[in-house]
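The structure under discussion appears below in the form of C-alpha cells.
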Amino acid sequence: MPCSQEWINNPLGVVEAMFENQNNPDSKWEAKAVGFFQEALKEKDAQTTIPSLNDVPLHYLKPNSLVKFRCLIQDMFDPEFYMGVYETADPSTKNKVLKCGKYRDVAESGIDFNSEKTVTAERQTFYCVPIPGENRWVKDISFHSRVMPSTSYTPIRQKRSYEEDDGDAMDTQQTEPQAHSEHYGNGDCKRQETEAPSHQPPTTTPLDLNFPLPGEKGPSCLVKVYEDWDKFKVNDMLEVYGVLSVSPALSALADEKESCALLDPSDTMETAEEQRARPLCHNNPLLPPGTLEDNSACKTSLSVCSAELLSYFSHFLLGDALAAEYLILHLISTVYARRDVLPLGKFTLNLSGCPPGLSYSDRLYQLIQQLVPSSHYLPMSLQNMNQMRLVPKKDYTANRLLSGALQLSSNTSLFLDETRLEQGQLDTTGVRNVTALGNLISWQKVDYDFNYHQMEFPCNINVLVSSEGRSLLPSDCQVPLQSQIAPAQMEEHLSSLPHTSSAQINRFRTYLSVARLLDYNISDQMTKSVEDDFVDMRKDDPQNVNFAFPLFRLLSLSAGETALSRDSWFKAKHLETLRRSRMEQHCSVNGNEP
C-alpha cells in the first residue's frame, strides 16, 4: 500500500498505477482503485489527516490532491460524457500509450481522436454548498480536529490573515489556480469562512453563490460522481472524499468566456471530483458520521441528561417545566416514515404566550442554536413575507435552480418568529410564502417552482413557531407559555442562566442527536394494551388523545428507551391532560375556542 502522504497528495498517481498494471482491458481495475481508497480511509486517523474544503483555504491545497467536503446538494446538472480511456501518440517516437481519463478534467496532449481504443464514459455533476444554517459550534469542533495540509506544497500567493479573507469578495487574480471548466469568473478560489446565519431579520439582497440562506459565505463545488449517483438527490447532506481539480488550463478557458453575456450556470465554484461520497444522517461532529451503533452506556445516560436539560430549559422558559418538556420532545422529533402523503414523526411546536418585549424569541433561538447542529431564524415580518424567496425557483435561461430559504438539510431547526408580525397586507409573494410555510409544517414538503409546474420535494425540518397568541400557521401542538416569573424580574431572570460547562453543553448536543437517531419499536403485547386503553379514553373524551400517539414515541426516546413502556404511555397521557387544561384556561381568558 502506498504511504499515507502518497495516496493523499497524489491520488491520481495511485489510480494511474492500477490502470497501467491491469492484466487486460476488461479487468476490474476501477473497483480495485475505489476499494483501495475505501480501505485507506478506514485506517486510524486517516479521515482527519485529509484536509477539508470547509476549513482550509484553497490556496493551501495542492491541485489533484485528496480533499474532503461536508456539504449539501443544492442542484444537479445533466450527466456529462468524458473520455474514460484514450490513446496518446508521442510526436517523436510515434509510440501510442493508453491513458486513464477518470477523475480528471483535462486530458493530456497528443490525443489520438481516431483511436478505436477510446472509451467514452458518463458521470453526474452535483452543485454542492456548505450545509445551510450549520451552527458555529459545529464548525469550531470540526476546525479544531482538522490537520493542516502538507507543507511540501507552496501556496501561489502570500499568506493572508483570516480577517482579510473574510473581508474580501471573491476577487479575480490571474495568478491563482483556477477551478473547473464550469467555474468561470472566480479566479481567486480562496475559501470563505462560512458564517453562522445571523438571527437578525434577513435582507432581500441576492443570495451569494446561490446559497439557500442569506448572509452565508463559504466554498461551493461541482462534485462529479462516477457511479451510483442515483442514490443521491437534491438536499441530501454528503461528506465527499475526492480529487481537487484546479488547473491553469481551465483558467485560460474561463478568460476566453469572460465576455459572454450568459455564463455557465455553475459560475464561481471550486470542483472536487468524486472518489467516495457518503450520505450523512446527521452533521453533529460529537457523534460518528454513520448510523448510531448499539451503545448501551450512551443510551443509559440519556435519562440523566434529559433531566438536566429539562431544568436548563425550564429556567429560560420562565420556570415553565411543562413547556420545557414539550420543547425537548420537539427537538428530538424527526420524520421516520411516510404513509402515503402523511409524514410520520413530525412534531411542530407552537410556543404561544411569548413576551413581545425583551427580544425573548431572539434569545430563545440563540439558546436552541447552541444545541442543534443546523438552524435558521426567520422573523415573519410583513417585509420578509412579501420580499423573501422561500421556495427554490428554476431559472431556465441560466439552467440552474435558484435557491430559497426553505432549501434546508434534514433535521434543520427552523425557528419562525411570529412575534415580529405586524399589521399590513400580504402581496402575491407573501401569500405564496405563507402557503409554503403551511405546506412545510403540515406535509413536510416544499413545492419547488419550475415556472410551468411545481415539483414536490419531501423534507424533514423541525419547525418551532413562537407567537403571542395562537399562531396563524398550523402546528402539531400548541403550548401556551405560563411564566412563573414576575414581569419586573424577567430581564434579570433571563440574564442569569444557570452556569453550564462546555462539557455539559456538549452532553446536551449529543443527547438531542442520539435520541433522534435511536431505533424504536412497539411489542405486540404493548400494542394490544395501548389499543384497549385508547378505546376507553376515546369513549370518555375523543379530544383528549389527539396528540398521545406522537408523544409516547418521543417520550420513550427522550428517556433512552427504544420500545414503548407503560410508564411512557401514562406520562404522555398526563402531559396532554396538563396541556389541554392549560389550553382551556388560556382560551377562556381570551374568549377563544381551544
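Its first residue numbered 344, the sequence shown is counted upward by one per residue in our numbering. Cβ coordinates follow ideal geometry from the N, Cα and C atoms, glycine included. Remember, predicted model here, so these are calculated numbers, not experimental data.
Tell me where the beta strand (DSSP E) around residue i begins and ends.
i, result
"Leu759", "Ser756 to Asp760"
"Phe412", "Leu409 to Met419"
"Val777", "Per DSSP, Val777 belongs to no beta strand (DSSP E); it is in the alpha helix (DSSP H), Thr771 to Trp786."
"Val806", "Asn805 to Ser809"
"Arg743", "Arg743 to Leu745"
"Glu477", "Run containing Glu477: none; DSSP gives neither H nor E here."
"Phe800", "Gln797 to Pro801"
"Gln821", "Cys820 to Pro823"
"Tyr425", "Glu423 to Ala432"
"Leu565", "Cys564 to Val568"
"Leu816", "Neither: Leu816 is in no beta strand (DSSP E) and is coded neither H nor E."
"Leu687", "Leu685 to Leu687"
Per DSSP, what kind of secondary structure is residue i in: helix, strand or coil?
i, result
"Ala374", "helix"
"Ser504", "At Ser504 the pLDDT is 37, less than 50, meaning the model places this residue with poor confidence; the figure from the coordinates comes in the next sentence. If DSSP states are grouped into helix, strand and coil, Ser504 belongs with coil."
"Lys871", "helix"
"Ser718", "strand"
"Asn353", "coil"
"Cys648", "helix"
"Arg466", "strand"
"Val358", "helix"
"Ile454", "strand"
"Asp579", "coil"
"Asn438", "coil"
"Gln618", "strand"
"Cys443", "strand"
"Val734", "coil"
"Asn553", "helix"
"Cys930", "helix"
"Tyr527", "In this prediction, Tyr527 has a pLDDT of 26, which is less than 50 and means its spatial position is unreliable; what the coordinates show is noted afterwards. Tyr527 falls in the coil class under three-state DSSP."
"Ser676", "coil"
Could you round the C-beta distance between residue i and residue j to whole angstroms and report it? I think they count as a contact, below 8 Å.
i, j, result
"Ile474", "Ser657", "The pair is not a contact, with the Cβ atoms about 31 Å apart (cut-off 8 Å)."
"Leu714", "Phe851", "5 Å"
"Arg925", "Pro823", "6 Å"
"Ser649", "Ala902", "6 Å"
"Asn397", "Pro716", "Between Pro716 and Asn397 the Cβ distance is about 13 Å, and since that is not below 8 Å, they are no contact."
"Thr677", "Asn754", "6 Å"
Assign residue i to one of two classes, buried (16 or more other C-beta atoms within 10 Å of its C-beta) or exposed (fewer than that).
i, result
"Pro748", "The sequence shown places Ala at residue 748, rather than the Pro named in the question. Result: buried."
"Pro422", "exposed"
"His796", "exposed"
"Asp663", "buried"
"Gly700", "exposed"
"Phe424", "exposed"
"Ala383", "buried"
"Lys439", "exposed"
"Gly356", "exposed"
"Gln543", "Note that Gln543 has pLDDT 45, beneath the 50 cutoff, so the model's placement of it is unreliable and no number is given."
"Met798", "exposed"
"Glu668", "buried"
"Gln712", "buried"
"Ala680", "exposed"
"Thr436", "exposed"
Which residue marks the beginning of the alpha helix (DSSP H) containing residue i, and which one marks its end?
i, result
"Ala680", "Note, Ala680: premise wrong, no alpha helix (DSSP H); beta strand (DSSP E) at Ala680 to Arg682."
"Gln390", "Ala389 to Thr392"
"Phe793", "Segment: none, Phe793 is in no alpha helix (DSSP H) and carries neither H nor E."
"Asp705", "Tyr703 to Gln712"
"Val857", "Ser845 to Leu860"
"Leu837", "Met833 to Leu837"
"Leu694", "Segment Leu692 to Ser695 is the beta strand (DSSP E) holding Leu694; no alpha helix (DSSP H) there."
"Glu559", "Neither: Glu559 is in no alpha helix (DSSP H) and is coded neither H nor E."
"Tyr863", "Segment: none, Tyr863 is in no alpha helix (DSSP H) and carries neither H nor E."
"His938", "Missing from the structure shown is residue 938; the chain here goes from 344 to 937 and no further."
Determine the contact status of residue i and residue j, defining contact as a CB-CB distance below 8 Å.
i, j, result
"Met869", "Leu837", "no"
"Leu783", "Ile804", "yes"
"Gln390", "Tyr470", "no"
"Ser856", "Leu687", "no"
"Pro406", "Val589", "yes"
"Glu761", "Ser718", "no"
"Thr734", "Tyr655", "Checking the sequence, you will find Val at residue 734 rather than Thr. Not in contact: Val734 and Tyr655 (Cβ atoms no closer than 8 Å)."
"Leu584", "Lys411", "According to the sequence displayed, residue 584 carries Tyr and not Leu. Yes, they are a contact pair."
"Gln750", "Pro557", "no"
"Met728", "Leu759", "no"
"Leu894", "Leu918", "yes"
"Leu721", "Leu757", "yes"
"Gln832", "Asn693", "no"
"Asn626", "Arg413", "yes"
"Gln928", "Arg619", "no"
"Lys574", "Thr468", "no"
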